[in-house]
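Residue numbers (the numbering used here): 887 to 1303.
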Amino acid sequence: MTALLIVLYLLASLPLLLAILYLLLLTVLSGTPRPPGAALPRRFVVVVPAHNEAACIERTVKSLLALDWPSEQWRLWVVADNCSDDTAALARAAGAEVLERHSETERGKGYALQHAYARLLDEGWAEAVVVVDADSEVSPNLLRAFAARLAAGAQAVQAYYGVLNPQASWRTRLVTIALALMHRVRPRGRERLGMSAGLRGNGMCFSTELLRRVPHQAYSLVEDLEYAIRLAAAGVRVHYADEASVDGEMASSGSAAASQRQRWEGGRAQMIRLHGGSLLARALDAPSRSRGGSSWRGLPLLRHALRAHNRLAFDTAMEVLIPPLSTLALGSLAAGLAGGLLVALAGAPPALLAVPALMLGSLVLHVLRGVQLSGLGWGALGVLLFAPLFVLWKLGLRLRRGPGSEWIRTRREGESP
């Protein structure tokens, strides 16, 4: 009986252990990557999708106009999408070209992006498009970093997406560490492995050739993840530009942070729920319909990856399916408790506890690397004491009714409720 319980314990722990060891591998490989060679001349259109962003659009436009790239080689478009404030007028006065869009039925960031993509593909001037959120500031070398990777053969590139206001509250400090893990530690490791860095919705770059070959057509609350799945299924790697950054404003107050977090969590859950528990299937199904069908139509991304031997699709599926860090930590603690009971009550060998110890140790190293790369300094370790409170807060949000498809902007710092 004891032997059977040990086997069942190890089988139950195996998926969790593999997921955590994968994160450990990415952590080990998260050294500073070497940038590619010199950038070659490239014509860009920078697209800023904006919905009622009068509070911050001027700051974003000013940051973009300071980009270190010849002025004749790039254009700045702000898509004022279903705005009821002065976003369009303020963006235009700040120096951007404004595309105003109004639709009662097609509302959301994905539709705003598609509106801009359709125009730039029709004009045929640009060689690549860059997406920057309306609440962001960018590093001056953003286009230079993208151009260098496009010159080296990349068709999709993601810059580092960080936090503009890390010291605003304990929430923003925690998010800064979380984004350092998701947007720097893991992409560095994937870049070293030759995998896709993934798309983060802000600081993305696509060649126009790619947009023609793999149409965007992503309209969910997490349109970046939806399009990343399409690119992975098509065998397109998203390269990572570590030396360039976009910093977005994160909500610091409880109510604003709840709105922002619910949109992220709800959109991701929406992606996973579709087609009987996997939105991966739907994300693959739409482009296959547009091509009149294919051998992997309607198949989940993971199954497609295995059948087509598509390692990019497999890695992207793993990124989607690996649970959040809080879930991995709770699972490791549960594995430790179960292992301890087996040792104490069933006479299992103490060596069994090496499994949860390896899990927890790997997670600690992963988080410490995130703190190191967050820019907050080691003094930020203290904010991790708020992590259990943050997890409970997120759990409460998940129990609420999830968001729909509406583009609901997060209240910005300094705005009244």
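Yeah, the Cβ is synthetic: ideal placement off N, Cα and C, and Gly gets one too.
Treat the numbers as computed from the prediction; the structure is a model and nothing was measured.
Can you check which of these residues, Gly994, Leu951 and Trp955, is closest to Val965 by C-alpha distance? Taking only the C-alpha atoms, the option nearest Val965 is Gly994.
Should Val1253 go down as buried or exposed, given a rule of 16 or more other Cβ atoms within 10 Å for buried? So Val1253 counts as buried.
CB-CB under 7 Å to Tyr1113, same chain, minus the five flanking residues each way: which ones, in chain order? In chain order, Leu1085, His1102 and Ala1104 place their CB closer than 7 Å to the CB of Tyr1113, counting only its own chain and leaving out the 5 sequence neighbours on each side.
State the Cα-Cα distance for the pair Ile1337 and Ile906, rounded to the nearest angstrom. For residue 1337 there is no data in the structure shown, the boundaries of the chain being 887 and 1303.
Every unbroken beta strand (DSSP E) within the segment 1047-1095, with a cutoff of 3 residues, ordered by chain: Restricting attention to beta strand (DSSP E) runs no shorter than 3 residues, the segment 1047-1095 encloses them at 1090-1093, ordered along the chain.
Is Asp1133 closer than 8 Å to Glu992 when the C-beta atoms are compared? Cβ distance not < 8 Å, so Glu992 and Asp1133 don't count as in contact.
Simplified DSSP assignment, three categories, for Pro921: If DSSP states are grouped into helix, strand and coil, Pro921 belongs with coil.
Distance check for Val1257 and Gly1179, CA to CA, integer angstroms please. Low per-residue confidence applies at Gly1179: pLDDT is 37, beneath 50, and the placement is therefore not dependable enough to give any value.
How long is the line joining the alpha carbons of Ile1208 and Leu904, rounded to whole angstroms? Cα-Cα distance, rounded: 10 Å.
Out of Leu1219, Gln1041, Leu999 and Thr1058, point me to the one whose CA is closest to Val1108's CA. In terms of Cα proximity to Val1108, the closest of Leu1219, Gln1041, Leu999 and Thr1058 is Leu999.
Taking just the CA atoms, how far does Gly996 sit from Glu986? C-alpha separation (whole angstroms): 15 Å.
Under 8 Å, with one C-beta from each stretch per pair, do the segment 1222-1232 and the segment 917-931 reach the 3-pair mark? In short, these stretches do not touch, since the Cβ pair count stays below three.
How close, in whole Å, do the beta carbons of Glu1013 and Arg929 come, if the pair is a contact with beta carbons under 8 Å? Glu1013 to Arg929, Cβ: 5 Å. Contact.
What beta strand (DSSP E) runs, 3 residues minimum, are completely inside the segment 933-1019? With a minimum length of 3 residues, the continuous beta strand (DSSP E) runs that stay inside the segment 933-1019 are 960-967, 983-987 and 1014-1017.
From Ala898, Glu983 and Thr913, residue whose alpha carbon lies closest to that of Leu1251: Of Ala898, Glu983 and Thr913, the residue nearest in Cα terms is Thr913.
Output the boundary residues of the alpha helix (DSSP H) element that contains Asp1110. Residue range Glu1109 to Ala1119 is occupied by the alpha helix (DSSP H) that includes Asp1110.
On the three-state DSSP scale, how would you describe Ser1248? In this structure, Ser1248 counts as helix in the three-state DSSP scheme.
Report the option in Thr1058, Leu1079 and Lys948 whose CA atom is closest to the CA atom of Leu962. Of the listed residues, the one whose Cα sits closest to Leu962 is Lys948.
Output the boundary residues of the alpha helix (DSSP H) element that contains Tyr1105. Neither: Tyr1105 is in no alpha helix (DSSP H) and is coded neither H nor E.
What are the start and end residues of the beta strand (DSSP E) that includes Gly1134? Residues Val1124 to Gly1134.
From this set, Gln959, Ala1033 and Val931, which residue's C-alpha is nearest Glu983's C-alpha? Ranking the options by Cα distance to Glu983, first place goes to Val931.
With DSSP as the reference, label Ser1025 as helix, strand or coil. Look at Ser1025 here: in three-state DSSP terms it is coil, with no helix or strand label.
Expressed to the nearest angstrom, what Euclidean distance is found between the alpha-carbon atoms of Leu1050 and Arg1059? Those two C-alpha atoms are separated by around 11 Å.
So, is Ala889 buried or exposed, given that buried needs 16 or more other C-beta atoms within 10 angstroms? Per the 10 Å Cβ criterion, exposed.
Ala1038 by DSSP, collapsed to three states: which one? Of the three classes helix, strand and coil, the one that applies to Ala1038 here is coil, per DSSP.
Assign Ala1137 to one of three DSSP states: helix, strand, or coil. Here Ala1137 sits in coil by DSSP.
What's the C-alpha gap between Ala974 and His1001? About 16 Å.
For Ala1305, name the three-state secondary structure that DSSP assigns. The structure shown has nothing for residue 1305, since the chain only spans 887 to 1303.
Range covered by the alpha helix (DSSP H) that runs through Val1206: Unbroken alpha helix (DSSP H) run through Val1206: Arg1197 to Leu1207.
Taking 8 Å as the threshold, find out whether the segment 1028-1038 comes into contact with the segment 1237-1252 through three or more Cβ pairs. In the pairwise beta carbon analysis, the segment 1028-1038 is classified as not touching the segment 1237-1252: fewer than three pairs are separated by under 8 Å.
Between Leu1006 and Gly1217, what straight-line distance do the alpha-carbon atoms span, to the nearest angstrom? When rounded, the distance between both Cα atoms is 47 Å.
State the CB to CB distance for the pair Thr1094 and Val1015, rounded to an integer number of angstroms; the pair is presumed to be in contact (CB under 8 Å). The pair is a contact, with the Cβ atoms about 7 Å apart (cut-off 8 Å).
I'd like to know whether the C-beta atoms of Leu864 and Ala1232 end up nearer to each other than 8 Å. Here the chain has residues from 887 to 1303 only, and residue 864 is not among them.
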